[in-house]
Amino acid sequence: MSSQTALELVVGVAVLALLIYRQLSSRPVRTNPRLLVILVVIGLFETVGYFNKVHAGTAAVIALVGSLVLAAAFGAVRAVTVKIWLQDGQPWSKGNLLTAGLWILALAAHLGYDYLIGHHKGLSGLGDATILLYLVVSLAVQRLIVVARAQRLAPEMATAGTGPAR
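And the structure:
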């Protein structure tokens, strides 16, 4: 394992720990995408760096798309596990142990998928390089569904609820 690969993996696991911690806390549902934007920029930077370094072809792009579809599926499933309620007219959310377990399972699925495709010539390390992008796609899908559910509880949120990223 190269030092770059190890760093990408450590960053991915650290981001996952932060996401799980935040989702197990009761928090107002907000529509501000600041955290998502920061993570997607870093994730794209790592992904583009991999593609430039390895000169990956069509197989890598297809593998990446497959990984991101997997990420979106996990995000949709996790969104169902998040409890949403109104408190003082504001929608709040909180994940549970199943939410946390699905985050861990999603990361394991990503790494397993990487292991399976890594045997193809030129695809080794794709999963490590795209781990952050995978997590942010999964978070974005989950967040879109949670915000939509919250807006059904508090329709005025669609125009008013900006604040810290969720």
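End of the sequence shown sits at 169 in the working numbering; the numbers just go up one at a time, nothing left out.
All C-beta atoms in this analysis are idealised placements derived from N, C-alpha and C, irrespective of residue type, glycine included.
- Secondary structure within the segment 130-160: the alpha helix (DSSP H) runs of 4 or more consecutive residues, fully enclosed, are 134-156 (chain order).
- Within the segment 36-70, the complete alpha helix (DSSP H) segments of 4 residues or longer fall at 37-57, listed in chain order.
- Fewer than three pairs of CB atoms, one per stretch, sit closer than 8 Å, so the segment 102-114 makes no contact with the segment 34-46.
- About 7 Å separates the beta carbons of residue 81 and residue 106, which is inside the 8 Å limit, making them a contact pair.
- Short of 8 Å from the beta carbon of residue 63, and not among the five residues preceding or following it, lie these beta carbons of its own chain, in chain order: 54, 57, 125, 126, 129.
- Under the DSSP definition of a beta bridge, residue 95 partners with 31, 88.
- The shortest CA-to-CA distance from residue 135 to any of 41, 94, 24, 27 is the one to 41.
- The segment 75-93 and the segment 142-156 touch, with no fewer than 3 CB-CB distances between them shorter than 8 Å.
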